[in-house]
Structures are given as C-alpha cells and as structure tokens.
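Residue numbers (the UniProt record's numbering): 1 to 298.
Here a beta-carbon is modelled for each residue, glycine too, at the ideal position from N, C-alpha and C.
Computed from a predicted structure; not experimentally measured.
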Amino acid sequence: MTHTSPDPLDRLLATLELHEIEGWGPRGEEDVWRGRSLPGPARRVYGGQVLAQALMACGRTVEADRLPHSLHAYFLREGGLDEPIDFAVERLRDGRSFSARRTHAIQSGKPILTLTASFQTDQPGYEAYQPAPSDVPDPEDVPSAVDVLGRIDHPAARFWSHEAAFDLRHVGGSIFLGPDPDPSPVQRVWVRARHEIASDDLLLHRALLAFACDQMMLEPVLRQAGRSWRDIGATVPMASLDHAMWFHRDARADEWLLYVQESPGAQGGRGMGLARVYDRRGALVASIAQEGMVRLEA
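Written as structure tokens, this is what we have:
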C-alpha cells in the first residue's frame, strides 16, 4: 500500500482551525481558544504559527465585517511541540469603526507570545502607496525552494522543499545553502501557498500572510552579514523578538505576493527586518517590521 504524507498546506489550515474551550483558568474565563502545533525543522514551535493562531483567536471575537488592519506581538518563550496552546482573548474595545483585542498564547501555564490587534470595518478614503519595483522577474522565472533543495538529503532541505506550506522564490538566489556572494541588506521574494485555498475567509488569508512572513523576515540581516541558513543554530543563535504588521488591502495567500525586504541595521545581538508586500498587480497589501536576536560576531 502506498503511503502519502499529509498535504503541508492542508495541515496548516487544520492547525488554524482553533477550538473554543469553556471554563478555562481559575475564574472560568471566556473567549479562550485552543490550537495544536505543526512539526517543523526545529524542535520548537514556529513563531509564525503562534502569530497566525493568535490573530485567528482575536478575529473570532469581533464582528465578521471587521478585519485586522494591524497587529503587534512579542515572542516571550519557546513553545513546545507536544502540548496544545491556549489563547485567552481580552475584548479591549468595540467602537463604531474599530475593535481592539489582546491575547496571550499560554503553554504550561506561561505565556509564549502576547499580541494586540486592531480591527476595522471596510471604509472608503484617500488611497496612495509606494509602487512595487518594476525590475522584478515574474515568479515563474525564479527558481523555487524545490528546485534549489529538492535533491539534497538533509532534514532541513527536505522540509523547505517538500513539507513547507508555502512556495518561496528568492529573486537573485536564496541563502539556504550558502551566503550571498554579493552581500546586501536588500532581498525580494515571491511567496505563494502551495495550492489553491477553498476558503474566502479574509481573516484566514491575513493569518496565513502572517504565518508566511515570519520565516524570512530576518533573512536580510543574514544576507548583509554574509551568512546563510546553514549557520543558524550552529554558530549563529537566532530567534524572533517582536513583530508588527499592517494590512492595507485584501490579498489571498494562494496568489503570488512579492516581499520587498531590507534590513536597516543590526546591533547588540539584534537585527531588524522590514518588508513591503505587493500583490501580482503591484498594489501594496501589507507592511511588516520585525526585530530578532541574531548573535553575529562583531
């Protein structure tokens, strides 16, 4: 009998289907959601997963016509893969146009992430954005992680080429296997879910966007320093510290999105990554900022 592994994207979608639980905590708090974790190349929970789950938990407590326009999160502790994560949501405010929520991701009785998100009804207004770069090749003309890593017999290579939920295509070459021969603080990456997503839930697609971005937000720091992902864990400890995201326009995670990234600097064992995310038509759909621990030698 032929054995087939679960589809990585379907497995992710199932992970974002949180289950509401009642009577949680010493006071029987309401608005508590529980989720499980995805396996990955590391022995800890992937931060982007907890980020996406926290946004889903907050979003399930607001009116359906209100979508997240911003989130701010701190990664506090490593999460374990072998036990569920609970998300206790606080309803901070519900106004005529905006709603604010805060949640803590709890595991073993301790917070591993705290997130505040703001939601807004769809409203007309002045629109403007910095245009997408015009010199970027189409994603079909850029090698994917499958092309780069697919034949390498290594757990990390197998994960990124066959078990990851998103297709990543680095314009000008990735730093999966080795450093950039021409180190730069700038990179551009095409990103898309592995296959079509049946759901039109815009909250889900924004959560998927949050999930996808965390895995590469600090890459420009490594690229500028002349390092690669092969260094991480061995000689360069790295972890996300905080994450901010602003959603400007609707976008689907199963359509190509262009991440235009840069690192404005690194210091004190920390590095900063910034990104503007565009759809295939060149419209700005999100802006992202993240600081992380990147302990590079001076």
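Integer-rounded CB distance, given that residue j should sit under 8 Å from residue i
| i | j | result |
| --- | --- | --- |
| L113 | R206 | With 8 Å as the limit, L113 and R206 do not qualify as a contact, their Cβ atoms being about 17 Å apart. |
| V285 | A132 | Actually they are not in contact, since the Cβ atoms of V285 and A132 sit about 10 Å apart, beyond 8 Å. |
| R270 | L296 | So it is not a contact: roughly 10 Å between Cβ atoms. |
| A117 | L168 | With a Cβ gap of about 25 Å, A117 and L168 do not count as contacting. |
| L51 | H248 | Between H248 and L51 the Cβ distance is about 18 Å, and since that is not below 8 Å, they are no contact. |
| L18 | G35 | 5 Å |
| E196 | D250 | About 17 Å; that fails the 8 Å criterion. |
Strand pairing of residue i, partner residues [DSSP]
| i | result |
| --- | --- |
| A73 | L115, H243 |
| P145 | Contrary to the premise, residue 145 reads as Ala rather than Pro in this sequence. For A145, which the question treats as bridged, DSSP gives no partner whatsoever. |
| P131 | In the DSSP output, where bridge partners are listed per residue, P131 has none listed. |
| A251 | A251 is not bridged to any residue. |
| R158 | Answer by DSSP bridge pairing: none, since R158 is not bridged. |
| T103 | V89, L115 |
| E30 | In the DSSP output, where bridge partners are listed per residue, E30 has none listed. |
Residue of the options minimising C-alpha distance to residue i
| i | options | result |
| --- | --- | --- |
| Y129 | L296, E291, R44, D279 | D279 |
| R96 | G125, F75, T103, D65 | D65 |
| residue 381 | E297, P264, G40 | Look at the range of the chain in this structure, 1 to 298, and you will see that residue 381 is not part of it. |
| G292 | R281, L257, V236 | V236 |
| S144 | V189, D153, G109 | V189 |
| A212 | M238, V148, R252 | R252 |
| L16 | R60, H195, G40 | R60 |
| L92 | V186, F119, A193 | F119 |
| P220 | L208, P179, I197 | P179 |
| W33 | I106, R11, P8, A73 | I106 |
| G268 | L274, E262, D250, V294 | V294 |
| D201 | I152, M56, H69, E30 | M56 |
| H69 | I152, S37, A210 | A210 |
| L257 | L208, L38, A156, S37 | L208 |
| E20 | R194, A54, L177, E127 | A54 |
| H58 | L9, S228, R44, E30 | For the sequence presented, residue 58 should be read as Cys rather than His. Looking at the Cα atoms, E30 is the closest of the given residues. |
| A73 | P181, R102, E90 | R102 |
| P8 | R194, W229, G173 | R194 |
Nonlocal neighbours in the same chain, by C-beta distance under 6 Å from residue i, ignoring five residues either side
| i | result |
| --- | --- |
| S287 | W246, R276 |
| H104 | A88, P111, T114 |
| L12 | A165 |
| A100 | L92, R93, S118 |
Nonlocal neighbours in the same chain, by C-beta distance under 7 Å from residue i, ignoring five residues either side
| i | result |
| --- | --- |
| Q215 | G48 |
| I232 | M238 |
| G282 | P131, A132 |
| L218 | M238, G271, G273, Q290, G292, V294 |
| A157 | L149 |
| L76 | P111, I112, L113, T114 |
Same chain, Cβ closer than 8 Å to residue i, five either side skipped, listed in chain order
| i | result |
| --- | --- |
| S108 | G80, E83 |
| P183 | R223, Q224, A225, G226 |
| V146 | S161, H162, D167 |
| M1 | Confidence at M1 is low in this model, with a pLDDT of 39, below 50, so the placement of that residue is unreliable and no value is reported for it. |
| V171 | V136, P137, V142, Q187, R188, V189, W190 |
Buried versus exposed call for residue i [16 or more other C-beta atoms within 10 Å across all chains shown]
| i | result |
| --- | --- |
| Y46 | buried |
| D86 | buried |
| A266 | buried |
| V191 | buried |
| H3 | Only weak support exists for where H3 lies, its pLDDT of 41 falling under 50; the value from the coordinates is given anyway. When all chains shown are included, H3 counts as exposed. |
| P181 | exposed |
| S134 | exposed |
| A14 | exposed |
| I175 | buried |
| P155 | exposed |
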